[in-house]
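Input: a single structure, listed below in structure tokens.
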Amino acid sequence: MTTKTGPPTVHTAQAAVVGAGPAGLAAALELARGGLDVLLLDEQPEPGGQYYRRPGPEVLRTAGDHRPEGANLISRVRESGVRLLTGHTVWGVDDDRRTLLAVDPDGTPVQVRADWIVAATGAYERSVPFPGWQLPGVVTPGLAQHMSAEGVRLGRRTVVAGSGPFLLPVACALLERGVRVVAVAEAGRPYAPGVAALGALRFPSRLVELASYFARLTRHGVRVHQDTVVAEAHGGDHVESATLVRFSDPGRVVARHEVDVLCVGYGFRPQSDLPQLFGCSMERDPVTGDTVPRLTPVGRSSVPHVYVVGEAAGVAGAPTAVARGRAAALDILAGCGRVPDHRTRRAAAVRMASLTRFTRLTSALYPSPADLVTALTRELPGHTLVCRCECVTADTLREAASAPGGSDVPAIKGDTRAGMGLCQARECGPALEALRTGGAGTGTVPARVPLRPLPVTAVLGFSDSSREDS
Amino acid sequence: MNTFDAVVIGAGVLGAATAFELARTGMSVLVLERGAPNREGSGTTAGNLHIQAVHTRRPGQEVPLDSEGLLPAQKAADTLWAEAEHRLEADLEVRRNGGFMVAETPEQREELYTKHVWEQRAGLNTELLDGDTARAALPLLGPTVTAATWCPHDGYANPLKAAPAYLAAANRLGTRIKAFTPVTGLERRGSGWRVYTPDGHHDAPVVINTAGPWISEVCALAGVDLRMAPVAIQMHVTARERPVLHHLVQHIGEGLSVKQVTAGNLLVGGGWPALGMNLQGRSTASVESLAGNMAQATRVLPFLAGLRLLRMWAGPLAATPDEMPVIGPVPGQAGLYVAGGTYAFTFAPLWGETLSRMVRGEPTRIDVSSFAPDRLTATCGSTDRTTSAHTEKGTAPC
Amino acid sequence: MADAAPRVPVTLDGRRVLVRSGTSVAAALLEQGHWNFRVNRVSGQGRGPYCGMGVCLECEVTVNERTHVRACLERVCEGMRIGTGTAEEEGT
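Protein chains in written order, with numbering that gives the first Met the number 0: chain A, 0 to 469; chain B, 0 to 397; chain C, 0 to 91.
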């Protein structure tokens, strides 16, 4: 461990964009085009976020580039004059509620001061615990996607399970790497023709995409089970098999498959803790159960100089993320007197509205995440490790939730240590919130500082003496 | 049932301990809590068991403690913490492994010598060490430490376990606990009190106000101006570490306390001021306090610089103008008692027992007359109210 | 196709192995069939990468004596020394 205690590196810019995924890249590009001095920060070694995440060029040459449009956007950002700070983890906001606090790849503290902040911190996968989910070999579909894109054959046999449209391309990516996908299990019934599904007809390209995934899965003999969830992963040191049950009738076993990799995920959750640290007004999305910032249509939060764009504003997919990034940038440019072309702004608004309709239609196909998490958590056997960091079982949590006099989410955490480990409840959070039986008090896990575990040395630079030096 | 022998307002560690002690004597007790039990001061505190004398309570504190005057209570608290787990039949993660209080400057060394004399006088066993001897005893101490006192009685307990265990034990003895139930009025009824809540009222001859940051607001409901004000401070915790530090480490001249909790995390505090107090939601921790606290912590215990900060949080404590605890009957308000102020966690078992004995007219374990609330009270309207935090409406904003 | 990729030597738990250049450390380890990245201190059980995007911290390994490096966010490079199987508290 390095023990540097030097003063922080200070960066100033007119606009700082946090997160170099589709939304952050689009926002940074538009802001730079408008003539602003822009800093773009990301904790990954390369820009792209999760959606446009790119391995090294030598891997792309051999494994192929499955999202070449990402490379295009990234190179335009690089050419636009945006200052790119990769490997920088933003962990908090200073006491002035304006300055971003980060740490660079060497562990040196970093301060970023900007007139405008664009939080494009993306999303991460919504996990719902089940017995055995902590076994090596049990992964999120996102991990399977990334590893496949890096050319890794993750295992020999797998089941891809959870809910949402993302499961299909992940299953296809695994197939492409030579992994045998024995089943795809979707908790809902999105793939039966129905009233909701018909709406997708207005977006034929989307239907074509879904159909092509289906065709590939069928060609490989992959069974797509609907109304089906993983009830348990079995194994000693590594996952060996998975039991699938009916979501609507958890007592009914659908299948038990031998696997060496199991991919389970229930869609994505906005990573909205940075806006919370800025003091932005937040609300609970009743459909997803997620905490999201209250925003104007162009992404301005209740704190006027803070915008939230992309998946952090509410999960809606990469095209929407790009549109949101652009819309926020245009609004910022207007706000600093660099009025963009009226037609540009109008086109951005129309594009956003169209994408929003599409997002609503797509999500209507799948069960509401809030309902899913509640139902799945209710069925959890008592021995399930709900908090995988601190190894807290469902039994322990249920007991804490029924403490004499009443309880709420922070009380359950305090009583059991659930959510107090390294991931700070990012994985077990939805389940913790669902295990609470309702009633008064706090129903959500609040944002915590630092946003990632932070070397102690990275905060020493912010003590009084260092402040005077800088 | 609407009538109880006692109503306790506030389900922090003081209220919980008091409810338990009252229930043990066969009294029927109701605990009313505006939010979740053990949430604010009690749930955000460090959990230190301060047995050796302390000088500075927190950075920016205007008045020094009457450290010598606090020693008898600290000694008594030590005795009670020794038996707390047994009495509650619960694991509170009590660790009474002793603690060091360090000094770096010549002035701080002088203060150590002075307080060591008080400790000898009070019959509290502490040992004065020079820097090298202290480092020999605790090699983790850094080179800037030039002296330390060692007290084998210092320790810590898990504040997330203590109040819930007291509440659970009280509950087993028949105590009713109503969380998320704010007290909206306190009214004299014959020789007792009527306590109003949004769900209805409860009558009891005895009302005990252990409302922590809301202690003055609850007093105001009875027309009493109690000069206390909440102050928000913050704590910092590292990721888990293998067991390396078995003692409490404090600083004589600066707000600093460090210990390793049972789970392995290092807890660093010392009363550094939070950025913002929010009694309706969550208080906000300050980055400047974080940096300042960690800078001194890594100076005194350099190994901390190799660890990772996992989380920080802030919470309120109830401060008295003289920085001393408050406990006892409210003058002119028969049946109304208060307890709170300095080191409420350390003193929780003692104040619980003391209140229970006061209520029943029995002699208390130690003389607490110097902590009596009369030094802080006046009838509402007759004194300057600027230091009190209660609302104009006279209702607690719970 | 993956076989055509250039390879670089790294040291994995003291053992010299060849891995594809340009991948994440997580990918390099998984390609070796190495799934136990760290040990959970509470249960003592092995853990492997889970989220793949830096949130779960289950993939923390030691890289060139730097502890707690998220393998999913770190690229391999020639001569890298990678250590696995440690608990979260080890490294001081």
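The C-beta atom is built at its ideal place from N, Cα and C for all residues, glycine as well.
Requested in this report: Sort A:352, A:359 and A:325 by Cα distance to residue 119 (chain A) and report the nearest one.
Outcome: A:325
Query raised in the report: Does the beta carbon of residue 17 (chain C) come closer than 8 Å to any beta carbon on chain A?
Result: no
**Report entry** Inter-stretch contact at 8 Å, needing at least 3 Cβ pairs: the segment 309-326 of chain B / the segment 61-77 of chain B
**Finding:** yes
Report task. List the residues that DSSP assigns as beta-bridge partners of residue 250 (chain B). Result -> B:101
Query raised in the report: residue 303 (chain A): buried (16+ other C-beta within 10 angstroms of its C-beta) or exposed?
Result: exposed
Requested in this report: Return the chain-ordered list of same chain residues with a C-beta closer than 6 Å to the C-beta of residue 468 (chain A), the five sequence neighbours on each side being excluded.
Outcome: Legend: pLDDT at residue 468 (chain A) = 41, less than 50; position of this residue unreliable, no value from coordinates given.
**Report entry** Cross-chain neighbours of residue 67 (chain C) in chain B, by beta carbon under 9 Å
**Finding:** 238 and 307
**Report entry** Simplified DSSP state of residue 372 (chain B), which is helix, strand or coil
**Finding:** helix
Report task. Drop a sphere of 10 angstroms on the beta-carbon of residue 78 (chain C), count the other beta-carbons inside from all chains shown, and report buried for 16 or more, exposed for fewer. Result -> exposed
Query raised in the report: Given residue 127 (chain B), which residues of its chain have a CB within under 6 Å of its CB, disregarding the five upstream and five downstream residues?
Result: 115 and 148
Query raised in the report: At a Cβ threshold of 8 Å, is residue 252 (chain B) touching chain A?
Result: no
Query - Sub-8 Å separation of residue 405 (chain B) and residue 218 (chain B) beta-carbons - result: Nothing in the structure corresponds to residue 405 (chain B), since chain B is present only between 0 and 397.
**Report entry** Where residue 124 (chain A) meets chain C, residues with beta-carbon distance less than 7 Å
**Finding:** 50
Report task. Please report the residue range of the alpha helix (DSSP H) in which residue 19 (chain B) lies. Result -> 12-23
Requested in this report: Give me the Cα-Cα distance between residue 137 (chain A) and residue 338 (chain B), rounded to the nearest whole angstrom.
Outcome: 52 Å
Requested in this report: Report buried or exposed for residue 250 (chain B), applying the criterion of at least 16 other Cβ atoms within 10 angstroms of its Cβ.
Outcome: buried
**Report entry** Residues that DSSP places opposite residue 224 (chain A) in a beta bridge
**Finding:** A:184
**Report entry** Proximal residues of chain D, C-beta to C-beta of residue 293 (chain B) below 8 Å
**Finding:** Here chain D cannot be found, since the structure's protein chains are A, B and C.
Report task. Kindly list the residues whose CB is nearer than 8 Å to the CB of residue 65 (chain A), restricted to its own chain and excluding five residues on each side of it in sequence; keep chain order. Result -> 148 and 172
Query raised in the report: Hey, is residue 41 (chain C)'s beta-carbon within less than 8 Å of any beta-carbon in chain A?
Result: yes
Query raised in the report: Should residue 385 (chain A) be flagged as near chain B, meaning a C-beta pair shorter than 8 Å?
Result: no
Report task. Using the Cα positions of residue 165 (chain A) and residue 260 (chain B), report the straight-line distance between them to the nearest angstrom. Result -> 42 Å
Query raised in the report: To the nearest angstrom, how far is it from the Cα of residue 385 (chain A) to the Cα of residue 46 (chain C)?
Result: 15 Å
Query raised in the report: DSSP state of residue 194 (chain A), grouped into three classes?
Result: Residue placement at residue 194 (chain A) is flagged as unreliable, the pLDDT there being 46, under the threshold of 50; the coordinate-derived value follows with that caveat. Three-state DSSP puts residue 194 (chain A) in a helix.
Report task. Check the Cβ of residue 297 (chain B) against every Cβ in chain A and list those closer than 7 Å, keeping chain order. Result -> 455 and 459
Query raised in the report: In whole angstroms, what is the alpha-carbon distance linking residue 266 (chain B) and residue 37 (chain C)?
Result: 24 Å
**Report entry** Three or more C-beta pairs below 8 Å linking the segment 237-247 of chain A and the segment 255-264 of chain A
**Finding:** yes
Report task. Throw me the rounded Cβ distance for the residue 178 (chain B) and residue 16 (chain B) pair, which I believe falls under 8 Å. Result -> The pair is not a contact, with the Cβ atoms about 17 Å apart (cut-off 8 Å).
**Report entry** Three-state secondary structure (DSSP) of residue 294 (chain A)
**Finding:** coil
Query raised in the report: Under a three-way DSSP split, which group does residue 264 (chain B) fall into?
Result: strand
Query - Beta-ladder partner(s) of residue 202 (chain B), from DSSP - result: B:2 and B:193
Requested in this report: Specify, as a first and last residue, the run of the alpha helix (DSSP H) that residue 411 (chain A) falls within.
Outcome: 408-415
Query raised in the report: If you pair each beta-carbon of the segment 326-339 of chain A with each one of the segment 21-40 of chain A, do three or more pairs fall below 8 Å?
Result: yes
Requested in this report: With 7 Å as the C-beta to C-beta threshold (strictly closer), list the residues of the segment 401-421 of chain A near chain B in chain order.
Outcome: 402, 403, 404, 405, 406, 407, 409, 410, 413, 414, 416 and 421
Query raised in the report: Alpha carbon to alpha carbon, how far is residue 20 (chain A) from residue 28 (chain B)?
Result: 57 Å
Query raised in the report: Between the C-alpha atoms of residue 99 (chain A) and residue 450 (chain A), what's the straight-line distance to the nearest angstrom?
Result: 12 Å
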